[in-house]
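First to last, the sequence lines map onto chains A, B and C. Quick note: the first sequence uses this note's numbering, first residue -8, plus one each step. Quick note: the second sequence uses this note's numbering, first residue 23, plus one each step. Quick note: the third sequence uses this note's numbering, first residue 174, plus one each step. Cβ coordinates follow ideal geometry from the N, Cα and C atoms, glycine included. Below: one structure, written as structure tokens.
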Amino acid sequence: MAAVREVPPDNDVHDEVLAATQRRRAQKVQIAAFFLFVALVPLAVHNRYYLHILIVVGLNLILATGLNLLMGYAGQVSLGHAAFYGIGAYVSGILTATYGCNPWAALLAALAVTSLVAWLVGKPTLRLRGHYLAMATLGVGIIVVVVIRQTTGLTGGAAGLTEIPSMTLFGRELQSNMDMHYFYFVWAWVCLLTVLFANLVESRPGRALRALHDSELAAQTLGVDTAAFKVRALVISAAYASIAGTLYAHSSMRFLSPTPFGFHTSIALLVMVVLGGQGTLWGPALGAVTITAIQEALRPYADYDIVVYGLLLVVMMIVMPGGLSRALGALYGRLRERVARHRAGDVAR
Amino acid sequence: MTLAEQIWQFFLSGLTTGGTYALIALGFSLVYNATGVINFAQGEFVMLGGMITAASMTAWGLPLWSAALIGIAGTTLVGIALDRAAIRPARGASIVVLIIITVGASIFIRGVAGIIWGPDERVVPAFSGEAPIGIFGANITPQSLWVLGATLVTAIAMWLTFEYTVIGKAMRACAINPQAARLCGIELSRMISWSLALAAAIGAIAGIVLAPITMTQYNVGTMLGLKGFCAAMLGGLGNGLGAIAGGLLLGVLEALGAGLISSQYKDAIAFVVLIAVLLVRPSGILGGRRGGEE
Amino acid sequence: MSEVLLDVDGLCKDFGGLEAVKNVSFQVRHGQIKALIGPNGAGKTTIFNLITGVLPADAGSAVLGDTQLLGLPTHRIAALGVGRTFQTSLLFDQMTVLENVMVGHHLRGRSTMLTAALRIFGAGAEEREYREAAMQALDRAGLAHLAGRSAAGLPIGQRRLVEVARALAAEPRLLLMDEPAAGLNMRETEHVGEIIHSIRDGGVTVLLVEHDMSLVMNISGEILVLDGGQRLAEGRPDEVRNDERVLAAYLGEDID
Ligand SMILES: Nc1ncnc2c1ncn2[C@@H]1O[C@H](COP(=O)(O)OP(=O)(O)OP(=O)(O)O)[C@@H](O)[C@H]1O
Ligand SMILES: [Mg+2]
Chain A
-8 MAAVREVPPD NDVHDEVLAA TQRRRAQKVQ IAAFFLFVAL VPLAVHNRYY
42 LHILIVVGLN LILATGLNLL MGYAGQVSLG HAAFYGIGAY VSGILTATYG
92 CNPWAALLAA LAVTSLVAWL VGKPTLRLRG HYLAMATLGV GIIVVVVIRQ
142 TTGLTGGAAG LTEIPSMTLF GRELQSNMDM HYFYFVWAWV CLLTVLFANL
192 VESRPGRALR ALHDSELAAQ TLGVDTAAFK VRALVISAAY ASIAGTLYAH
242 SSMRFLSPTP FGFHTSIALL VMVVLGGQGT LWGPALGAVT ITAIQEALRP
292 YADYDIVVYG LLLVVMMIVM PGGLSRALGA LYGRLRERVA RHRAGDVAR
Chain B
23 MTLAEQIWQF FLSGLTTGGT YALIALGFSL VYNATGVINF AQGEFVMLGG
73 MITAASMTAW GLPLWSAALI GIAGTTLVGI ALDRAAIRPA RGASIVVLII
123 ITVGASIFIR GVAGIIWGPD ERVVPAFSGE APIGIFGANI TPQSLWVLGA
173 TLVTAIAMWL TFEYTVIGKA MRACAINPQA ARLCGIELSR MISWSLALAA
223 AIGAIAGIVL APITMTQYNV GTMLGLKGFC AAMLGGLGNG LGAIAGGLLL
273 GVLEALGAGL ISSQYKDAIA FVVLIAVLLV RPSGILGGRR GGEE
Chain C
174 MSEVLLDVDG LCKDFGGLEA VKNVSFQVRH GQIKALIGPN GAGKTTIFNL
224 ITGVLPADAG SAVLGDTQLL GLPTHRIAAL GVGRTFQTSL LFDQMTVLEN
274 VMVGHHLRGR STMLTAALRI FGAGAEEREY REAAMQALDR AGLAHLAGRS
324 AAGLPIGQRR LVEVARALAA EPRLLLMDEP AAGLNMRETE HVGEIIHSIR
374 DGGVTVLLVE HDMSLVMNIS GEILVLDGGQ RLAEGRPDEV RNDERVLAAY
424 LGEDID
């Protein structure tokens, strides 16, 4: 990406430390700009439908970011991530609606349950080499939905779980029919979880994940307990999904049914990460926005929507196997080069 | 009925569904061996086989056997098209990207099928009547025998292909060592085409023999595909004999579980088995070429 | 003589009928540079794989200080102070050179996923400290100008140096180096020799596998010769050089 500069050896140390600090600073600026942008959105968007969609985008962004940690950094695939989303949503929903639990306590309980499930799935399968986690999560994803459907007494089954109370903040209810408040609440979570993610990947454990993704053997000889780190990445990624699930449960519908937590959502999440560009900070966010937008845009064209969606998936993956963010990065690089050449041409003339 | 008789009855009906799982699993293994990819469109081949056959019979009034041939041929063409239009252009992409492409293709195929044939269930008449046949106190329909017969014949045909034909040997060589195979002048992309065409044909056969038992619909492919994949894992992904054994075993386990424990959780049984296999013996009961702890 | 750091005894490894390592015993002393040489396929890399827990041994023992290494997982062995570089250098290609070396600090770091994400309990300070330390390590190795470069694009000579810097960042007691000079030209090979000397002078014991005989003869205090998985000879360079069995095993190759 960046052009390699030839610099005299003496200045190098300082240059490189400087470059690293600059990179981190640039990232902080990006994140801050992102926050600001989000904060201003409701000023421009008054339509409740759009605000609702932006909330959905936020939830997908949290889900995709979590899955990105697992796929883009630890190099493991989950084909059942929607199950963790569903567990988070249903534990929150059941605890608050049926047992009158405080939503924040329910959030923590959901986190604990989801993490435990993730740990139980990951511990035995991540010991093995190969994509066994993908297969195990595929199974878990379907089992969870079947269980939600069949334990009618607890979950409401296919008819759904209703009358989930609103989220509270400092003792005040976040009235879910005033979407603006909930919009800010959800996006505050998005921002928080993005910052945590950015911190994590630029740190000892984050590097350990990237290292084992590249070469497990080399990582191990440097003391990285690769199996343990993969399990931790899975647990954190499931925890992100659980938080998104809790937020979903308390959103404007205040209603849960098994449908959004099935195989198709798992695949949509996978697509967001890969299409956006796994292993990059902003790629999955871009993927989440793109896929949510496509899904919403196609919604009115019932019957034809999945045809177009399927086709788009195939075409986009063929054209940009490295993901949108890398494709855009390359495009930007080429443009800059062209502009630079153009200028050089001007000077020469 | 005594418990033993019940179990015998469940066993027989389990073998029937198991036969279709076996065929679907065979399709997974074929494509996996040629490409290393889990082809999520495999289930759609099953749907297409049944739907094209049913539609040709109602639309053109064709007799069953010619409608079935059209079903197999049409699905095979879709398999080849899938390779040409989606897999080949993405050559060199990572496995995950290729898998997503097959997922996208399966969504696309399902969508088109929904538009063409609508959401209604379709019926294919039983091949040779409905009169049940008694076997040691249990009843089984003639169609079940067709399913098992088709499984057996397909398995033997596959074995003959791989053992005695040039193309079959070439495909085996590719599966064992793609680089060495290329050095011997075997063209990998042609082998991938062949494996997808074969997988589609086998999937279509499964869809056609199954349709009279369960009816068929544009969206049956997903679940059948996923269960076929469980069967392939159970037998050891990439292992042909394992696919057959895994399919039959999975069908029987599912029937026994649904009959004796709870029919509500029927759809979860295959996946519980999948997870159990991963925990206990990840290379499958017959051992996969690439499976296991390294 | 100084005390024994690594004591290998009766090591065996069989690859489905191929006996790659047959009953090999040797010792490495503190502060030593010891070389392991032998023709291709003699079992040198396999011995490294056994000592570092990458492959399970069939029999024998390998004791570091007073800890049995065999049977432990690779990352535990690394934590006990055994570092390693590979015959074909294994860098983390998706990372920069600086980040590669920073992974070398993994064992000394304390931050967990939680503290790192929240930047609490000194996780932020640790990150800066190791970035600084890695930078200095690169500077000492004369690689500072590469810090921001992606590891994937480096030429082989620099890859090897980065790999050594990374292994040293973990502060090992014993460093196993598998053919550090393979693929390097004469000047680079000499440089590697100097680096190995300075590693030893820094207090790290070195066990070296190398085909370049002039390098081996120059820098090692003791040489173990393997052939067909078996110990052929052992001794000081001048002893080994004149050993008839060694000459026979290397027939056609120039030892001097
Ligand atoms: N994982 C393995 N599986 C099977 N055989 C192996 C394995 N690793 C090594 N071998 C075999 O064991 C023998 C010793 O190999 P090893 O790599 O230890 O040799 P070496 O002394 O390092 O050779 P070189 O100088 O070529 O690196 C060789 O015949 C090799 O083919
Ligand atoms: Mg070697």
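Cutoff 9 Å: residue i Cβ touching any chain A Cβ
i               : result
C252 of chain B : yes
E315 of chain B : Confidence at E315 of chain B is low in this model, with a pLDDT of 34, below 50, so the placement of that residue should be treated as unreliable; the coordinate-derived value is given next. Yes, because at least one Cβ of chain A sits closer than 9 Å to the Cβ of E315 of chain B.
L178 of chain C : no
G126 of chain B : yes
M350 of chain C : no
F294 of chain C : no
E395 of chain C : no
A421 of chain C : no
Chain C within 9 Å of residue i, Cβ atoms only
i               : result
A331 of chain A : no
P196 of chain A : yes
N89 of chain A  : The identity of residue 89 of chain A in the sequence shown is Thr, whereas the question assumes Asn. Taking Cβ atoms only, chain C never reaches closer than 9 Å to T89 of chain A, which makes this a no.
A240 of chain A : no
V108 of chain A : no
Residue environment, residue i, which counts as buried when at least 16 other CB atoms sit within 10 Å
i               : result
P375 of chain C : The sequence shown places Gly at residue 375 of chain C, not Pro. The residue in question, G375 of chain C, is exposed, as its Cβ has fewer than 16 Cβ neighbours within 10 Å.
G151 of chain B : exposed
G144 of chain A : exposed
S285 of chain B : exposed
E328 of chain A : exposed
F67 of chain B  : buried
M359 of chain C : exposed
Q67 of chain A  : buried
C206 of chain B : exposed
N273 of chain C : buried
V389 of chain C : buried
Residue i - DSSP class collapsed to helix/strand/coil
i               : result
A235 of chain A : helix
E27 of chain B  : helix
T258 of chain C : strand
I307 of chain B : coil
V108 of chain A : helix
G41 of chain B  : helix
E207 of chain A : helix
E395 of chain C : strand
T271 of chain A : coil
N161 of chain B : strand
Q64 of chain B  : helix
R144 of chain B : strand
T97 of chain B  : helix
Chain-ordered chain C contacts of residue i [CB-CB under 7 Å]
i               : result
I227 of chain A : M286
Test: residue i CB closer than 9 Å to a CB of chain B
i               : result
Q141 of chain A : yes
P85 of chain A  : The identity of residue 85 of chain A in the sequence shown is Ile, whereas the question assumes Pro. Not closer than 9 Å to any Cβ of chain B, the Cβ of I85 of chain A fails to qualify, so no.
D294 of chain A : yes
Opposing strand residues paired with residue i [DSSP bridges]
i               : result
S323 of chain C : C:T269
G295 of chain C : DSSP, once it has assigned bridges, lists no residue as partnering G295 of chain C.
L381 of chain C : C:A208 and C:M350
Q200 of chain C : C:D180
A232 of chain C : C:C185
Q403 of chain C : C:D400
I155 of chain B : B:I162
Chain-ordered neighbours of residue i on chain C, where CB pairs are closer than 8 Å
i               : result
L318 of chain A : Per the sequence shown, the amino acid found at residue 318 of chain A is Ala instead of Leu. Within chain C, no residue comes near A318 of chain A; the closest Cβ sits about 18 Å away, beyond 8 Å.
A101 of chain A : In chain order: nothing, as chain C lies at least about 18 Å away.
Chain-ordered neighbours of residue i on chain B, where CB pairs are closer than 7 Å
i               : result
I282 of chain A : By Cβ distance, chain B contributes nothing, its closest Cβ being about 12 Å from I282 of chain A, past 7 Å.
Where residue i meets chain A, residues with beta-carbon distance less than 7 Å
i               : result
F293 of chain B : G130, I133 and I134
Chain-ordered neighbours of residue i on chain A, where CB pairs are closer than 8 Å
i               : result
S116 of chain B : P312
Q267 of chain C : R201, H204, D205 and G270
Y240 of chain B : Neighbours of Y240 of chain B on chain A: none; closest Cβ ~10 Å, over 8 Å.
T247 of chain C : L208, Q211 and T212
Partner residues on chain A for residue i, Cβ-Cβ distance less than 9 Å
i               : result
Q165 of chain B : By Cβ distance, chain A contributes nothing, its closest Cβ being about 27 Å from Q165 of chain B, past 9 Å.
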